[in-house]
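Notes for the one structure printed next.
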Amino acid sequence: MVEYRSVSQVLFGFLPEQTVDLKGRVWKVKDWVYFSRNDIDVASIKRAIIRHAGAWEASGKDGDFVANLRKGFPIQVVTIDEDNGVKIEPFPNKSWVCRSCFRVHSEPGAQCPCGKDIGKSNLYFVGYHDECGALREPYIPKCKEHKQVRVNFPGTASAAEIVFDCPVCNSPLRKGFGNVSCECGKGNLKFLPHRASSVYTPHSVVIVNPPDKEKIRVLTEAGGPPRALSWVLSGMEEDNIEQVKSSSESLRRTLQSQGLPDDVIDKMLQAAGTSDEFDSVPNLRLVREHQEEAEAQAVILALATLDSRVQIKDLIASVQGDSRFTKVYQSDYLSSLSKAGLKSVELIDKFPVLTAQYGYTRGGHKPGEDKLTPFKSKGSKGYTIYSDLAQTEALYVQLEPNRVIAWLQGEGFNIIQGQDEKSSRQNILEAINKYDGTGGEQSLVDVLQKLIHSYAHRFIRVASVFSGIDRNGLSELLLPYHLGFFIYGAAKGDFVLGGLQAVFETELHKLLDAVLYEDHRCAMDPACHDSGGACMGCLHLGEPSCRHFNMNLSRKTLFGRKGYLR
Numbered sequence: 066m067v068e069y070r071s072v073s074q075v076l077f078g079f080l081p082e083q084t085v086d087l088k089g090r091v092w093k094v095k096d097w098v099y100f101s102r103n104d105i106d107v108a109s110i111k112r113a114i115i116r117h118a119g120a121w122e123a124s125g126k127d128g129d130f131v132a133n134l135r136k137g138f139p140i141q142v143v144t145i146d147e148d149n150g151v152k153i154e155p156f157p158n159k160s161w162v163c164r165s166c167f168r169v170h171s172e173p174g175a176q177c178p179c180g181k182d183i184g185k186s187n188l189y190f191v192g193y194h195d196e197c198g199a200l201r202e203p204y205i206p207k208c209k210e211h212k213q214v215r216v217n218f219p220g221t222a223s224a225a226e227i228v229f230d231c232p233v234c235n236s237p238l239r240k241g242f243g244n245v246s247c248e249c250g251k252g253n254l255k256f257l258p259h260r261a262s263s264v265y266t267p268h269s270v271v272i273v274n275p276p277d278k279e280k281i282r283v284l285t286e287a288g289g290p291p292r293a294l295s296w297v298l299s300g301m302e303e304d305n306i307e308q309v310k311s312s313s314e315s316l317r318r319t320l321q322s323q324g325l326p327d328d329v330i331d332k333m334l335q336a337a338g339t340s341d342e343f344d345s346v347p348n349l350r351l352v353r354e355h356q357e358e359a360e361a362q363a364v365i366l367a368l369a370t371l372d373s374r375v376q377i378k379d380l381i382a383s384v385q386g387d388s389r390f391t392k393v394y395q396s397d398y399l400s401s402l403s404k405a406g407l408k409s410v411e412l413i414d415k416f417p418v419l420t421a422q423y424g425y426t427r428g429g430h431k432p433g434e435d436k437l438t439p440f441k442s443k444g445s446k447g448y449t450i451y452s453d454l455a456q457t458e459a460l461y462v463q464l465e466p467n468r469v470i471a472w473l474q475g476e477g478f479n480i481i482q483g484q485d486e487k488s489s490r491q492n493i494l495e496a497i498n499k500y501d502g503t504g505g506e507q508s509l510v511d512v513l514q515k516l517i518h519s520y521a522h523r524f525i526r527v528a529s530v531f532s533g534i535d536r537n538g539l540s541e542l543l544l545p546y547h548l549g550f551f552i553y554g555a556a557k558g559d560f561v562l563g564g565l566q567a568v569f570e571t572e573l574h575k576l577l578d579a580v581l582y583e584d585h586r587c588a589m590d591p592a593c594h595d596s597g598g599a600c601m602g603c604l605h606l607g608e609p610s611c612r613h614f615n616m617n618l619s620r621k622t623l624f625g626r627k628g629y630l631r
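If you read the sequence shown in our numbering, its first letter stands for residue 66, the second for the next number, and so on.
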C-alpha cells in the first residue's frame, strides 16, 4: 500500500504503537524504516529527555527510563527513510464491520450473509490502559444460536452507547464493551475511538542542535553551561558566545579535557586569578535542579546564535541617511518594544532544530500522571529516539526583566529590581528557590511558564497573519528561566521561508502593536474567561505548534486587571 505523508506528519502521527487511518481502515504502526543519525549530539538529547521526563520519574511511572539513561543506557537517534516509510498492520484485526448491514466479522475477506459486497472496515474503537500503556482489541460476543453479531453506533463517541445485537433474532448481546480487566492486573481497560488523544499521546523534546558537533565540543570545553549562563545574564551583549571572555570555570574544563591533574590546574588558575582576561561566572544561590535548567536554557540560546543573529541595532546600522526605514528602526521599533514589555526581538535566519520523540502515554496529558512508555531498541537494552532535524528561521523574543519583576510583585512575589539587567535577572532566578511551591504558595517557575507561554501563543496567532504563514506552520520553544521564547517555522507543511524575516525587517512595530492592542476578547466568553481564559477561540494552538498540550495558558496573565500587557 502506498500513501504519502510529510515527515512532520509522520513524526507526530505515525509513531510505533500509534493507530492511524489509511484508505478507510484502521492500522497500527509497527516501526519506521529508518536511518541512524551520527551527526547528532547524543549527550544533549539525553540531558533534555532526562529533564523533560522528570515528572514520570518522580511519580514512579517511567519504568526506570530516566534512571537507565543516567546509568548510560545507549540511545539510537533515527530519522525516517522517506523512500520506504513505515511498517503498519491492521488493528483491530478481528473486528471487521460490513458497511451495508453492520455485521461484525472476524476476517476482512469473509462473505457477509447480507449478500452485498461493498467492502469492510475494521472497528475504530480500541481498548487502552493508562497504568501500563497496553492497547487491546475489544471483545465482541456473538449470538450463541446464529453465530452472528451486529453493531449499532449511536452517533456519538461514547463507547458505552454502542449496542451489539443479533442481526437474525435481534436479541441484544451487549451494550458497550463491558468491564474488561487488563492483563497487568491493575485495573480495567478504557474504550475510545482510536484517534482520541487519550489513546496515544507522544512526548518529545525540542533541541537547538547545530549538526556541527565540533562547535558543541568547543563550547563544552570552553566552559559550556556556566559560560553560557553568564553571557545570558549579562544581556547577551556580545554577538555570540565565542566573543565572551573566558572564565576560570571554562579554563578549568579546558585544562581537564587536556588531561592535566587537578593540583596543576589549581595552581594555573591561581596564577591567572587576577588577570583581566578572565570573566567571572555569577555565583547563583540555586538548588541543583534549577541551576542545571537555567544553564541548559542558556546553552540553547548560545547554540542558536552561534552562526546567525540579527538584532535591531544591526538593522539601524544597515540603513543609510534618509532611508524610509531610518525612523522605523530608530524610533518605531524601539517604541513598540517598550510598550509591549519586551527587551528585544531578534532574527535567527539559520535555526537548526531537532524534534525528538522518546515515548508515549495513554490517558491524560499531564506529565507524570500516566505510565510513560519509551521507545525501546530492538535486540538491545537501549532506546530509540525518532527524530527530524531541519534548519529553518526563527524570532527570539525576550521580555524586559524589570517589567517582569514589577508584574511579579503585583502577583504577590517579593522580588527586588536590580541595579542593572544582570542583577535583575539574578534576582528572578534566585527567587525560584524561595517560591518553589512546596509551602502552598505559587511556584515562581509555573507563573513564569504561564506568562511566557501565553505571550508566545498570542505572538504566534498575530505573527501568522503578518507573515502570511499558516498558524500551524509556526512552533514555539520556551525559555522561561531567561524570560524568552523562540517562534520558528515548522520544517514541513505550510511554512513560507523568509516570512518571519520579512516581518522582522519591515513590520515588526506593527506586529508588536497588534499583539498589544488588537482585540483580545474571546468568542467563547464568558465561559472561556470563567474557566481559565484560554481556549481554541483565543490562545490555543494545534500540534505540533504547541508541545505543552495548551496547558498553563491564560489571557488574564496578559490582559487581566493586573496583566503584563496592561
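The beta-carbon is built from N, C-alpha and C at its ideal position, and this holds for glycine as well.
These numbers were taken from a predicted model, which means no experiment stands behind them.
- Per DSSP, reduced to three states, the secondary structure at LEU298 is helical.
- Going by C-alpha positions, HIS117 is about 50 Å away from ASP387.
- Between VAL143 and ILE450, the gap from beta carbon to beta carbon is short of 8 Å.
- Looking only at GLU583, GLY533, TYR546 and LEU542, the smallest Cα-Cα distance to VAL568 is reached by GLY533.
- Counting along the chain, ASP414 sits inside the beta strand (DSSP E) bounded by residues 407-426.
- Between GLY128 and LEU437, the gap from beta carbon to beta carbon is short of 8 Å.
- Closest option to SER403, judged by alpha-carbon separation, among TYR265, LEU494, PHE551 and LEU464: LEU464.
- Counting C-beta atoms within 10 angstroms of its own C-beta, MET601 has fewer than 16 neighbours from the protein chains shown and is therefore classed as exposed.
- GLU360 is a Cβ neighbour of PRO290, given a cutoff of 8 Å.
- Within its own chain, the residues whose Cβ lies closer than 8 Å to the Cβ of ILE517, once the five positions on either side in sequence are excluded, are LEU464, LEU543, LEU544, PRO545, LEU548, GLY549 and PHE550, listed in chain order.
- According to the DSSP secondary-structure assignment, TRP161 is paired through a beta bridge with HIS170 and ASN187.
- For the 8 Å CB-CB criterion, ILE153 and LYS93 form a contact.
- With three or more CB-CB distances shorter than 8 Å, the segment 424-444 counts as touching the segment 120-139.
- Nearest neighbour of SER396 by Cα position, chosen from ASP96, TYR553, GLY598 and LEU573, turns out to be LEU573.
- Minimum Cα-Cα distance from VAL364 among the listed residues ILE281, PRO326 and ILE381 corresponds to ILE281.
- Secondary-structure assignment with DSSP links LEU200 through a beta bridge to TYR193.
- In the DSSP assignment, ALA363 falls within the unbroken alpha helix (DSSP H) covering 353-369.
- In its chain, beyond the 5 residues on either side, ASN244, VAL245, SER246 and CYS247 have a beta carbon closer than 7 Å to the beta carbon of ASN253.
- In the DSSP annotation of this structure, the continuous segment of the beta strand (DSSP E) that includes TYR448 starts and ends at 448-464.
- Distance from the CA of ARG350 to the CA of PRO591, rounded to the nearest whole angstrom, comes to 43 Å.
- PRO439 and LEU134 have their C-alpha atoms some 11 Å from each other.
- Distance from the CA of VAL393 to the CA of SER401, rounded to the nearest whole angstrom, comes to 10 Å.
- Here VAL418 is near ALA455, since their CB atoms are less than 8 Å apart.
- Remark: C-beta atoms of PHE524 and ILE552 approach each other more closely than 8 Å.
- In this structure, HIS194 is the residue among HIS194, ILE227 and GLU172 with its C-alpha nearest to the C-alpha of LYS251.
- In this structure, GLY598 and LYS621 form a Cβ contact; the two beta carbons are roughly 5 Å apart against a cut-off of 8 Å.
- Bounds of the beta strand (DSSP E) holding THR84 are 84-87.
- Proximity to LEU407 across GLU226, ARG260, LEU581 and SER171 peaks at LEU581, based on C-alpha coordinates.
- A distance of 8 Å or more separates the beta carbons of ALA113 and ILE306.
- Comparing alpha-carbon positions, the option among MET66, VAL72, SER488 and VAL67 lying closest to PRO609 turns out to be VAL72.
- In the DSSP assignment, SER540 falls within the beta strand (DSSP E) that extends over 539-544.
- Counting other Cβ atoms within 10 Å of its Cβ, GLU147 stays below 16 and is therefore classed as exposed.
- Taking a C-beta distance under 8 Å as the contact criterion, GLU411 and TYR448 do not qualify as a contact pair.
- For GLU226, same chain residues with a beta-carbon under 6 Å away, outside a window of 5 residues either side, are PRO219 in chain order.
- Separation of the CB atoms of LEU576 and SER519 is rounded to 17 Å, and the pair is thereby denied contact status at 8 Å.
- Annotation: GLN141 to THR420 spans about 14 Å, alpha carbon to alpha carbon.
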